[in-house]
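Only one structure is covered here, and it is reproduced in the block below.
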Amino acid sequence: MASAEAPVPDRILSILTQGMAHVPIIPVSSTAELVTRLDVLRRQCTANVPRQSHAQEMAEVRALASHCVHGQALSHERVNVLTDISSGLGSLAQLAFDREGRRKLCDLLEDEEGNRVISFFVNGHETTLRLEMRMREQAAQAPRNLQMGSANL
1384 MASAEAPVPD RILSILTQGM AHVPIIPVSS TAELVTRLDV LRRQCTANVP RQSHAQEMAE
1444 VRALASHCVH GQALSHERVN VLTDISSGLG SLAQLAFDRE GRRKLCDLLE DEEGNRVISF
1504 FVNGHETTLR LEMRMREQAA QAPRNLQMGS ANL
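Here our numbering is used: the first residue of the sequence shown is 1384, the next is one more, and so on.
Next comes the structure, spelled out in C-alpha coordinates:
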(Lines of atoms letter the chains of each structure in order from A and count residues from 1; the text may use other names and numbers.)
(Lines give C-alpha, C1' and ligand atoms only; values in the text may rest on other atoms or scores of the structure.)
Protein backbone atom coordinates (compact mmCIF):
# COMPACT_ATOMS: atom_id res chain seq x y z
CA MET A 1 0.00 0.00 0.00
CA ALA A 2 1.42 3.36 -1.03
CA SER A 3 1.47 6.36 1.24
CA ALA A 4 -1.23 8.99 0.62
CA GLU A 5 1.38 11.74 0.60
CA ALA A 6 4.01 12.02 -2.09
CA PRO A 7 7.58 12.28 -0.83
CA VAL A 8 8.77 15.86 -0.45
CA PRO A 9 11.92 16.63 -2.44
CA ASP A 10 14.89 17.72 -0.32
CA ARG A 11 14.97 21.20 -1.86
CA ILE A 12 11.32 21.94 -1.05
CA LEU A 13 11.78 20.55 2.45
CA SER A 14 14.79 22.79 3.03
CA ILE A 15 12.83 25.84 1.85
CA LEU A 16 9.99 25.03 4.23
CA THR A 17 12.22 24.32 7.20
CA GLN A 18 14.32 27.44 6.67
CA GLY A 19 11.27 29.69 6.71
CA MET A 20 11.50 30.66 3.06
CA ALA A 21 8.04 29.37 2.14
CA HIS A 22 6.85 32.94 1.60
CA VAL A 23 9.12 33.61 -1.37
CA PRO A 24 6.82 34.62 -4.24
CA ILE A 25 7.03 32.50 -7.36
CA ILE A 26 6.02 34.05 -10.67
CA PRO A 27 5.25 31.41 -13.28
CA VAL A 28 6.54 32.36 -16.73
CA SER A 29 7.10 30.20 -19.76
CA SER A 30 9.64 32.53 -21.37
CA THR A 31 11.74 35.57 -20.52
CA ALA A 32 9.61 37.67 -22.86
CA GLU A 33 6.60 36.97 -20.64
CA LEU A 34 8.36 38.22 -17.49
CA VAL A 35 7.76 41.94 -18.10
CA THR A 36 4.03 41.42 -18.63
CA ARG A 37 3.74 39.26 -15.51
CA LEU A 38 5.64 41.80 -13.40
CA ASP A 39 3.38 44.62 -14.64
CA VAL A 40 0.29 42.62 -13.66
CA LEU A 41 1.79 41.86 -10.25
CA ARG A 42 2.72 45.53 -9.72
CA ARG A 43 -0.83 46.66 -10.59
CA GLN A 44 -2.30 44.10 -8.19
CA CYS A 45 -0.02 45.21 -5.38
CA THR A 46 -0.65 48.93 -5.84
CA ALA A 47 -4.41 48.45 -6.24
CA ASN A 48 -4.68 46.57 -2.95
CA VAL A 49 -2.63 49.02 -0.88
CA PRO A 50 -4.61 51.97 0.45
CA ARG A 51 -2.72 55.19 -0.21
CA GLN A 52 -2.27 57.75 2.52
CA SER A 53 -3.57 61.20 1.90
CA HIS A 54 -1.05 63.94 1.17
CA ALA A 55 -1.89 65.49 4.54
CA GLN A 56 -1.10 62.22 6.34
CA GLU A 57 2.19 61.86 4.48
CA MET A 58 3.18 65.44 5.33
CA ALA A 59 2.26 64.92 8.99
CA GLU A 60 4.58 61.90 9.11
CA VAL A 61 7.39 63.83 7.40
CA ARG A 62 6.96 66.70 9.88
CA ALA A 63 7.01 64.31 12.84
CA LEU A 64 10.24 62.73 11.59
CA ALA A 65 11.83 66.02 10.56
CA SER A 66 11.41 67.41 14.07
CA HIS A 67 13.82 64.73 15.29
CA CYS A 68 16.40 65.10 12.50
CA VAL A 69 18.67 67.10 14.81
CA HIS A 70 21.19 66.43 17.54
CA GLY A 71 19.68 67.18 20.91
CA GLN A 72 16.21 68.48 21.61
CA ALA A 73 13.55 68.17 18.89
CA LEU A 74 12.90 71.18 16.68
CA SER A 75 9.95 73.45 17.35
CA HIS A 76 6.88 73.34 15.14
CA GLU A 77 7.92 76.61 13.48
CA ARG A 78 11.41 75.28 12.64
CA VAL A 79 9.92 72.07 11.23
CA ASN A 80 7.68 74.17 8.99
CA VAL A 81 10.78 75.94 7.68
CA LEU A 82 12.44 72.59 6.92
CA THR A 83 9.40 71.22 5.12
CA ASP A 84 9.04 74.45 3.14
CA ILE A 85 12.59 74.29 1.78
CA SER A 86 12.69 70.54 1.10
CA SER A 87 10.43 68.02 -0.57
CA GLY A 88 11.08 65.36 2.06
CA LEU A 89 13.76 63.85 4.23
CA GLY A 90 15.89 62.88 1.23
CA SER A 91 16.10 66.41 -0.09
CA LEU A 92 16.69 67.69 3.44
CA ALA A 93 19.67 65.35 3.71
CA GLN A 94 20.94 66.64 0.36
CA LEU A 95 20.83 70.19 1.71
CA ALA A 96 23.00 69.11 4.65
CA PHE A 97 25.67 67.74 2.32
CA ASP A 98 25.69 70.70 -0.07
CA ARG A 99 27.63 73.88 0.80
CA GLU A 100 24.85 76.19 -0.41
CA GLY A 101 22.27 73.97 1.30
CA ARG A 102 24.12 74.20 4.62
CA ARG A 103 24.28 77.98 4.29
CA LYS A 104 20.54 78.05 3.56
CA LEU A 105 19.78 75.88 6.61
CA CYS A 106 21.87 78.09 8.89
CA ASP A 107 20.36 81.28 7.45
CA LEU A 108 16.77 80.11 7.86
CA LEU A 109 17.11 78.23 11.15
CA GLU A 110 19.86 80.40 12.62
CA ASP A 111 23.35 79.01 13.05
CA GLU A 112 22.88 76.88 16.17
CA GLU A 113 19.81 74.96 15.04
CA GLY A 114 20.98 74.82 11.43
CA ASN A 115 24.23 73.22 12.58
CA ARG A 116 22.31 70.70 14.71
CA VAL A 117 20.36 69.61 11.62
CA ILE A 118 23.50 69.46 9.48
CA SER A 119 25.36 67.49 12.15
CA PHE A 120 22.53 64.96 12.36
CA PHE A 121 22.78 64.14 8.66
CA VAL A 122 26.55 64.49 8.26
CA ASN A 123 27.67 62.72 11.44
CA GLY A 124 24.74 60.36 11.73
CA HIS A 125 23.43 58.66 14.80
CA GLU A 126 26.92 57.86 16.11
CA THR A 127 27.36 61.38 17.41
CA THR A 128 23.91 61.24 18.96
CA LEU A 129 24.81 58.02 20.75
CA ARG A 130 28.08 59.52 22.02
CA LEU A 131 26.24 62.61 23.27
CA GLU A 132 23.62 60.48 25.01
CA MET A 133 26.31 58.35 26.66
CA ARG A 134 28.17 61.45 27.84
CA MET A 135 24.95 62.93 29.26
CA ARG A 136 24.18 59.66 31.09
CA GLU A 137 27.69 59.58 32.54
CA GLN A 138 27.34 63.17 33.73
CA ALA A 139 23.92 62.43 35.21
CA ALA A 140 25.32 59.39 37.02
CA GLN A 141 28.23 61.43 38.39
CA ALA A 142 26.05 64.31 39.57
CA PRO A 143 24.71 62.50 42.70
CA ARG A 144 28.24 61.39 43.59
CA ASN A 145 29.51 64.95 43.25
CA LEU A 146 26.69 66.17 45.48
CA GLN A 147 27.53 63.53 48.09
CA MET A 148 31.20 64.48 48.04
CA GLY A 149 30.33 68.14 48.31
CA SER A 150 28.08 67.59 51.34
CA ALA A 151 30.74 65.39 52.99
CA ASN A 152 33.23 68.24 52.74
CA LEU A 153 30.90 70.62 54.56
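From the three backbone atoms N, C-alpha and C, an ideal C-beta is built for every residue, glycine too. Being a predicted model, the structure only gives us computed values, none of them experimental.
- Ranked by Cα distance from Ser-1449, the options Arg-1482, Glu-1495, Asp-1422 and Asn-1463 are led by Asn-1463.
- Using a Cβ-Cβ distance cut-off of 8 Å, the segment 1450-1461 and the segment 1491-1510 are in contact, since at least three pairs of beta carbons, one from each stretch, lie closer than that value.
- DSSP places His-1450 outside any alpha helix (DSSP H), giving it a letter other than H or E.
- Annotated three-state conformation of Gly-1507 is helix, per DSSP.
- In the three-state reduction of the DSSP assignment, Asp-1467 falls in the helix class, which pools H, G and I.
- Of the residues assessed, Glu-1496 falls on the buried side of the cut-off, its CB having 16 or more other CB atoms within 10 angstroms.
- DSSP, reduced to helix, strand and coil, places Val-1444 within a helical segment of the structure shown.
- According to the DSSP assignment, Ser-1474 belongs to the alpha helix (DSSP H) that extends over 1472-1480.
- Judged by DSSP in its simplified three-state form, Ser-1502 adopts helix.
- The C-beta distance from Leu-1488 to Ala-1476 rounds to 11 Å, too long to meet the 8 Å contact threshold.
- When rounded, the separation of the alpha-carbon atoms in Glu-1520 and Ala-1446 is 29 Å.
- When the five nearest sequence neighbours on each side are left out, the beta carbons in the same chain lying within less than 8 Å of the beta carbon of Gly-1471 are those of Val-1444, in order along the chain.
- About 5 Å separates the beta carbon of Val-1411 from that of Leu-1417, a gap short enough to meet the 8 Å contact definition.
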